[in-house]
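Everything on this sheet refers to the single structure shown next.
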Amino acid sequence: IFHILIKFKIMGKNPSMQIINEIISDITEIGKDKSFSEKLEEIINYLACHKSIRGGDDLSLKNVRSLIIDLANCKDSFHCAHGRPTLKFISFKELDKLFKRIV
Numbered sequence: 156i157f158h159i160l161i162k163f164k165i166m167g168k169n170p171s172m173q174i175i176n177e178i179i180s181d182i183t184e185i186g187k188d189k190s191f192s193e194k195l196e197e198i199i200n201y202l203a204c205h206k207s208i209r210g211g212d213d214l215s216l217k218n219v220r221s222l223i224i225d226l227a228n229c230k231d232s233f234h235c236a237h238g239r240p241t242l243k244f245i246s247f248k249e250l251d252k253l254f255k256r257i258v
């Protein structure tokens, strides 16, 4: 968990105290209704959604490289934990349409 929080800090995304407190609260619930691995996966998914990179975010070249390397090392790099796509392939024809080079 701390590795994940450090990664957010490197990416310029400071985890709020609310998020850290929620994680600590979740950790204290381990064993009551879920196993450690199930609860840890929930925490990681929660952090990933709430601290994801959004459109318009400023990214340095170093951050982009790190993101691509991390994505390449994922078990399923094409979808987030909730099944949403992380990548979209765009053909040259689609790019031309986007830049109004063709109709």
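Counting along the sequence shown from 1, when you hit position 44 you're at 199 in this note's numbering, and nothing is skipped either side. The C-beta atom is built at its ideal place from N, Cα and C for all residues, glycine as well.
Q: Tell me whether the beta-carbon of ALA227 lies closer than 9 Å to the beta-carbon of ALA203.
A: Result no, Cβ atoms of ALA227 and ALA203 do not sit closer than 9 Å.
Q.
In the DSSP output, what is HIS234 paired with across the bridge?
A. The partner list for HIS234 (beta bridge, DSSP) reads PRO240.
Q. Would you report the Cα separation of THR241 and ILE198, rounded to the nearest angstrom?
A. Answer to the nearest angstrom: the Cα atoms are 19 Å apart.
Q: Would you tell me roughly how many angstroms separate the C-alpha atoms of ASP212 and GLU193, rounded to the nearest one?
A: So the two alpha carbons sit approximately 31 Å from each other.
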